[in-house]
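Notes follow once the structure below has been shown.
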Amino acid sequence: MFKLNSVNISPFTVHIVAPPDTERFEHITQTETSITLQWTKVEEINTYTLHYNNTEVNITHSEGNGTYTVSGLTSATRYNFTLFTVFDYAPSGGKTITAVTAPPDTERFEHITQTETSITLQWTKVEEINTYTLRYNNTEVNITHSEGSETYTVSGLTSATRYNFTLLTVFDYAPSGGKTITAVTGKMFVVCF
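So the sequence shown is numbered by UniProt numbering: it starts at 1 and just counts up by one.
Here it is in structure tokens:
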């Protein structure tokens, strides 16, 4: 249902009909430099205006959900987006969401030592990021570090076994693409006398 606003412009009264905001407006994906937004189309309205960072984009969609990818953004940054439904020249009140771009991967990720049952990994910290996720063998470990080169020892491994480790940098809820390395545990030797 459209909202009727009246404006007095002597000697006339002008009635402006503002359309409703979309019921759902959300981000659906992100990369280091882009965020894809999606919303439900409002009734018969095909025109929308998106505001972010002093930028205004006019978008036209005719069927189904509206989607728009905002590109040219800065990695690991929080953005506020406001979407207006537009009927003729009249905008809705606007619906605002916050979304973030993904952070970059670490520049260096390597294993530095191993034993028969453990592998120690090391990586360079990404700028202001303190949160990392390490994935291996259907296991996911969340790691928080605050300074310099970071290290983590994965224990409880099987000797003489090859492992693939993927390290993701995490900003807010958004992970990086991930950097993968392979490392092996040492072999157990039995000495008989």
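Every residue gets a Cβ at the ideal spot worked out from N, C-alpha and C, and that includes glycine.
As the structure is a prediction and not an experimental result, all values here were calculated from the model.
Item to check | Cutoff 7 Å; reference Y42; Cβ partners in own chain excluding five residues on either side | outcome: Position check: residue 42 holds Val in this sequence, whereas Tyr was assumed. Result list for V42: P19, P20, T22 and T85, in chain order.
Next on the checklist: Just verifying my parser: in three-state terms, what is the DSSP assignment at G156?
Outcome noted: coil
Item to check | Same chain, Cβ closer than 6 Å to V107, five either side skipped, listed in chain order | outcome: The displayed chain sequence assigns Glu, not Val, to residue 107. Once the five neighbours on either side are set aside, the close Cβ partners of E107 are T124.
Checklist entry - DSSP on K187, reduced to helix/strand/coil? => result coil
Checklist entry - Between the Cα of Q38 and the Cα atoms of R135, K95 and N53, which residue gives the shortest distance? => result K95
Item to check | Collapsed DSSP secondary structure at K41 in the structure displayed | outcome: coil
Checklist entry - Within this structure, are the beta carbons of E140 and T133 separated by less than 8 Å? => result yes
Checklist entry - Roughly how many angstroms lie between the CA atoms of M1 and L83, to the nearest whole one? => result Reliability fails at M1, whose pLDDT of 48 lies under 50, so the model's placement of it is uncertain and no value is given.
Item to check | Nonlocal neighbours in the same chain, by C-beta distance under 8 Å from T161, ignoring five residues either side | outcome: V184 and T185
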